[in-house]
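S.K.: Chains as they are written, first to last, in UniProt numbering: chain A, 1 to 161; chain P, 1 to 264.
The C-beta atom is built at its ideal place from N, Cα and C for all residues, glycine as well.
No experiment lies behind these values; they were computed from the predicted model shown.
I'd like to ask you about the structure that follows.
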Amino acid sequence: MASVTMNVNGKPVTGEIEGRTLLVEFLRNGLSLTGTHVGCDTSQCGACLVHVDGEAVKACTMFAAEAEGAEVTTIEGVSNPDGSLNTIQQAFQDYHGLQCGFCTPGMVMSAAALLKDNPSPSEQEIREYLQGNICRCTGYHNIVKAIMAASGQDVSRIAAE
Amino acid sequence: MYNFDFERPKSVADAVKALQTEEAQPLGGGQTLIPTLKQRLAMPSKLVSLAGIDEIKGVCKDDQNRLCIGGGTVHRVIAEKAMSEGFPGLTGLASKIGDPAVRNRGTIGGSLANNDPSACYPAAAMATGATIVTDRREIAADDYFKGLFETALEEGEIITEVKMPIPEASAYMKFEQPASRFPLVGVFVARFSDRVGVGVTGASESGVFRWTEAERALGSDFSADAVKGLSVPADGMISDLHGTAEYRAHLVGVMTRRAVAAAQ
Numbered sequence: 001m002a003s004v005t006m007n008v009n010g011k012p013v014t015g016e017i018e019g020r021t022l023l024v025e026f027l028r029n030g031l032s033l034t035g036t037h038v039g040c041d042t043s044q045c046g047a048c049l050v051h052v053d054g055e056a057v058k059a060c061t062m063f064a065a066e067a068e069g070a071e072v073t074t075i076e077g078v079s080n081p082d083g084s085l086n087t088i089q090q091a092f093q094d095y096h097g098l099q100c101g102f103c104t105p106g107m108v109m110s111a112a113a114l115l116k117d118n119p120s121p122s123e124q125e126i127r128e129y130l131q132g133n134i135c136r137c138t139g140y141h142n143i144v145k146a147i148m149a150a151s152g153q154d155v156s157r158i159a160a161e
Numbered sequence: 001m002y003n004f005d006f007e008r009p010k011s012v013a014d015a016v017k018a019l020q021t022e023e024a025q026p027l028g029g030g031q032t033l034i035p036t037l038k039q040r041l042a043m044p045s046k047l048v049s050l051a052g053i054d055e056i057k058g059v060c061k062d063d064q065n066r067l068c069i070g071g072g073t074v075h076r077v078i079a080e081k082a083m084s085e086g087f088p089g090l091t092g093l094a095s096k097i098g099d100p101a102v103r104n105r106g107t108i109g110g111s112l113a114n115n116d117p118s119a120c121y122p123a124a125a126m127a128t129g130a131t132i133v134t135d136r137r138e139i140a141a142d143d144y145f146k147g148l149f150e151t152a153l154e155e156g157e158i159i160t161e162v163k164m165p166i167p168e169a170s171a172y173m174k175f176e177q178p179a180s181r182f183p184l185v186g187v188f189v190a191r192f193s194d195r196v197g198v199g200v201t202g203a204s205e206s207g208v209f210r211w212t213e214a215e216r217a218l219g220s221d222f223s224a225d226a227v228k229g230l231s232v233p234a235d236g237m238i239s240d241l242h243g244t245a246e247y248r249a250h251l252v253g254v255m256t257r258r259a260v261a262a263a264q
C-alpha cells in the first residue's frame with residue numbers, strides 16, 4: 001500500500017491505495033463520495049466523469065496514484081456554497097434532463113467542462129461533446145436542452161419530442 | 001486487475017531507470033492500457049507513469065518547418081496547437097479521437113508506442129514522414145511501425161518527441177466502427193511541395209501502411225479524380241465481423257478520395 005494526497009472538492013485528503021486503485025475507487029470507497037458512478041468500467045459511458053485539474057476525465061480510466069497533488073472536483077463539489085443546485089444542475093431539473101439519474105453526475109460534470117471552454121455552444125456542439133456520456137434511458141434530448149438553457153440560450157427551438 | 005507497483009518519475013532519465021525493473025511498463029495516458037489491464041491481458045510488475053514528466057509535454061515548430069510534439073502531450077493540446085501552427089489536418093485527426101475526456105488523458109506517445117492497428121496517429125506519422133524521437137535515438141516512421149501492436153521500440157524505450165513535417169495541405173478521413181468509434185479504415189493525406197504522402201490505418205493485417213500507388217498519382221495531380229481508378233487488393237486486409245477484407249479495401253479508396261477533397 002502507498003499513500004496518496006490530493007485536493008478533492010477543495011479539501012486536502014490523504015488515503016492508502018494500491019498501485020491498481022482507480023481514481024473512482026478511491027473517491028467512492030476511500031472517501032465515500034458515491035455521487036461519481038461506475039456505469040461500464042470500460043471508459044465508454046462517462047458516468048464516472050470528474051474534473052482533474054480542471055479537465056474532464058473518466059475516473060475509471062485513471063489511477064488514484066496519477067492524481068497525486070491534483071485538484072479533483074466531483075459532483076459533490078459543484079453545488080452553490082449554500083447547498084442549492086448550481087445553474088447546470090437546476091437546468092437539468094427544470095428541463096427534465098434525467099430519467100433514472102444514473103448517468104446524471106457524469107452528464108453534469110461533462111456539461112460544466114464544455115461550458116467552461118465554450119460558454120455558448122450550439123446544439124450540435126453539445127451533442128458532439130457528449131459523445132463519451134451514455135444515457136441508457138436515451139434521454140439525450142432533454143439533456144441537450146438543459147445544457148442549452150444552462151448556457152443562457154433560447155431552447156424554444158429545440159423540438160419537444 | 002492484477003496489482004503492480006506504481007512510480008511517477010519527474011524526468012525521462014528517472015523514467016528510463018525505473019523501467020529497468022523486469023516486467024516494468026510505461027504508462028502514458030492509460031486510455032488503452034488501463035482497459036487492457038482490467039481485462040488481465042497484461043501483467044506488469046510495475047507501471048511507470050510518464051504523466052509527471054514536463055519535459056516531454058508541449059508542441060512547437062522547429063526551423064525545418066516540423067511540428068515537434070512531446071510524447072506526453074495529450075490529444076486535446078495537440079488539436080489546439082496544430083491549428084495555431086498551421087497544421088489543421090492534424091487538428092482534424094486529434095480532435096476526433098475517442099471523446100473529450102479521453103482526449104484530455106490520451107497521449108501521442110502512448111498511441112504510437114501501442115500501435116493499435118486502428119489508431120489514428122500512425123496514419124499521419126506515415127503520410128508526413130514523421131520522425132519518432134526516443135530517449136536513445138531517432139526512428140523514421142517507415143522503419144518504426146512493424147505490424148499489429150509491434151514497433152521498433154526496445155524494452156523500456158520511451159517516445160519523447162514526434163517530429164512531423166508540416167504539409168502544405170492535409171486531411172484525415174476515417175470511417176468509424178460505430179460502437180468503438182475506432183476507424184474501420186482511416187486515411188491521412190499530406191501534400192508537400194515535392195511529394196504527397198498517403199497513410200492508411202485500420203485496414204491491413206500488417207498494420208499501418210503507405211499507399212504508394214496513390215502517392216504517385218496524387219503527386220502529379222492532387223485531385224480525388226486522380227485516385228478514382230486505383231484500388232488496393234483485398235488480400236491482406238483485415239476481415240472481421242465489422243467488415244470484410246473486400247469492404248475495407250473499398251473503403252481505402254473512398255477515404256483517400258474524401259481526404260484529398262477535404263485537403264483541397
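Within 8 Å (strictly less), CB to CB, does P35(P) reach chain A?
M.R.: Yes, P35(P) lies at the interface with chain A (some Cβ there is under 8 Å from its Cβ).
S.K.: Name the chain P residues whose beta carbon is nearer than 8 Å to that of G132(A)?
M.R.: Ordered by position in chain P, the residues that pass the 8 Å Cβ test against G132(A) are G98, D99, P100, A101, V102.
S.K.: So, helix, strand or coil for D41(A), using DSSP?
M.R.: Correct three-state label for D41(A): coil.
S.K.: Could you tell me whether any Cβ in chain A is nearer than 8 Å to the Cβ of A119(P)?
M.R.: Output row for A119(P): interface = no.
S.K.: Classify E161(A) as helix, strand or coil using the three-state DSSP reduction.
M.R.: Because E161(A) sits at a pLDDT of 49, beneath the cut-off of 50, its placement in the model cannot be relied upon, and the point is left open.
S.K.: Could you confirm whether any beta carbon from chain C is found closer than 8 Å to the beta carbon of M62(A)?
M.R.: Absent from the structure is chain C; the protein chains it does hold are A and P.
S.K.: Would you say F222(P) and V196(P) are within 8 Å of each other, going by their C-beta atoms?
M.R.: In contact: F222(P) and V196(P) (Cβ atoms closer than 8 Å).
S.K.: Just to check my reading of the structure: G207(P) and N115(P) have Cβ atoms closer than 8 Å, yes? What is that Cβ distance to the nearest angstrom?
M.R.: G207(P) to N115(P), Cβ: 7 Å. Contact.
S.K.: Could you list the residues in the segment 11–31 of chain P with a C-beta less than 7 Å from some C-beta on chain A, going in chain order?
M.R.: Listed by position, the residues of the segment 11–31 of chain P near chain A (Cβ gap below 7 Å) are G30, Q31.
S.K.: Using a Cβ-Cβ cut-off of 8 Å, state whether E161(A) counts as contacting chain P.
M.R.: Bear in mind that the predicted position of E161(A) carries a pLDDT of just 49, short of 50, making it unreliable; the figure below should be weighed with that in mind. So, not an interface residue.
S.K.: Using the C-alpha atoms, what's the distance from P105(A) back to R136(A)?
M.R.: Straight-line Cα distance between these residues: approximately 14 Å.
S.K.: Do A15(P) and L50(P) come within 8 Å of each other at the CB atom, strictly closer than that value?
M.R.: Against a cut-off of 8 Å, the Cβ pair of A15(P) and L50(P) comes out as a contact.
S.K.: Just tell me which of A259(P), E213(P), G72(P) has its CA closest to the CA of F175(P).
M.R.: The shortest Cα separation from F175(P) among A259(P), E213(P), G72(P) belongs to A259(P).
S.K.: Could you check whether S120(A) and G46(A) sit closer than 8 Å to each other, using their CB atoms as the reference points?
M.R.: No, these two residues do not count as a Cβ contact at 8 Å.
S.K.: So, do the segment 19–27 of chain A and the segment 74–83 of chain P have three or more beta carbon pairs nearer to each other than 8 Å?
M.R.: The segment 19–27 of chain A, when compared against the segment 74–83 of chain P, does not touch it at the 8 Å Cβ threshold.
S.K.: Closer than 9 Å, Cβ to any Cβ of chain A: which residues of the segment 40–68 of chain P, in chain order?
M.R.: From the segment 40–68 of chain P, only K46, L47, S49, A51, G52 have a Cβ closer than 9 Å to chain A.
S.K.: In terms of residue numbering, what span does the beta strand (DSSP E) encompassing A2(A) cover?
M.R.: Looking at the DSSP string, the run of the beta strand (DSSP E) that includes A2(A) is 2–8.
S.K.: L67(P) to G58(P), Cα distance in whole Å?
M.R.: Going from the Cα of L67(P) to the Cα of G58(P) covers about 10 Å.
S.K.: Relative to the alpha-carbon of A119(P), which residue among T131(P), G106(P), G129(P) has its alpha-carbon at the smallest distance?
M.R.: Closest by alpha carbon: G106(P).
S.K.: Count the other CB atoms within 10 Å of the CB of E161(P); is the residue buried (16 or more) or exposed (fewer)?
M.R.: Classification of E161(P): buried, given that the 10 Å Cβ count is 16 or more.
S.K.: Taking G156(P) as the reference, give the member of A261(P), A24(P), K228(P), G89(P) with the closest Cα.
M.R.: Nearest of A261(P), A24(P), K228(P), G89(P) to G156(P), Cα basis: A24(P).
S.K.: Count the other C-beta atoms from every protein chain shown that fall within 10 angstroms of the C-beta of G229(P), then say buried if there are 16 or more, exposed otherwise.
M.R.: The residue is exposed, with fewer than 16 neighbouring Cβ atoms inside 10 Å.
S.K.: What would DSSP say about A18(P), mapped onto helix, strand or coil?
M.R.: If DSSP states are grouped into helix, strand and coil, A18(P) belongs with the helices.
S.K.: Quick one: does K38(P) have its CB under 8 Å from some CB of chain A?
M.R.: Closer than 8 Å to some Cβ of chain A, the Cβ of K38(P) qualifies, so yes.
S.K.: So what does DSSP say about L22(A), is it helix, strand or coil?
M.R.: Strand, per DSSP.
S.K.: Looking only at C-alpha atoms, which of K81(P), P183(P), T32(P), D5(P) sits nearest to G202(P)?
M.R.: Nearest of K81(P), P183(P), T32(P), D5(P) to G202(P), Cα basis: P183(P).
S.K.: Below 8 Å between beta carbons: does that hold for V185(P) and W211(P)?
M.R.: No, the pair does not count as a contact, with Cβ atoms beyond the cut-off.
S.K.: Put K61(P) into one of helix, strand or coil per three-state DSSP.
M.R.: Strand.
S.K.: Just checking, does the segment 3–14 of chain A make contact with the segment 145–159 of chain A on the three C-beta pairs under 8 Å criterion?
M.R.: The segment 3–14 of chain A, when compared against the segment 145–159 of chain A, does not touch it at the 8 Å Cβ threshold.
S.K.: When you compare each of A263(P), F209(P), A226(P), T256(P) to I238(P) by their alpha carbons, which one comes out closest?
M.R.: Nearest C-alpha to I238(P): F209(P).
S.K.: Let me check understanding here. Comparing Cα to Cα, which of A226(P), G147(P), A152(P), F87(P) lies closest to T131(P)?
M.R.: It is A152(P) whose Cα lies nearest to the Cα of T131(P).
S.K.: So N3(P) packs on G19(A), CB below 8 Å; how close in whole Å?
M.R.: At roughly 6 Å, the Cβ-Cβ gap stays under 8 Å, so N3(P) and G19(A) are in contact.
S.K.: Counting Cβ pairs closer than 8 Å, one from the segment 64–84 of chain A and one from the segment 122–137 of chain A, do we hit at least three?
M.R.: No, because fewer than three Cβ pairs between the segment 64–84 of chain A and the segment 122–137 of chain A fall closer than 8 Å, the two stretches do not touch.
S.K.: In terms of DSSP beta bridges, what is residue 267(P) paired with?
M.R.: A query on residue 267(P) cannot be resolved here, the shown segment of chain P reaching from 1 to 264 and no further.
S.K.: Taking the alpha carbon of F102(A) as the reference point, which residue from L49(A), A113(A), G54(A) has its own alpha carbon closest?
M.R.: Looking at the Cα atoms, L49(A) is the closest of the given residues.
S.K.: Against chain A, with Cβ distances strictly below 8 Å, would D225(P) count as a contact?
M.R.: Taking Cβ atoms only, chain A never reaches closer than 8 Å to D225(P), which makes this a no.
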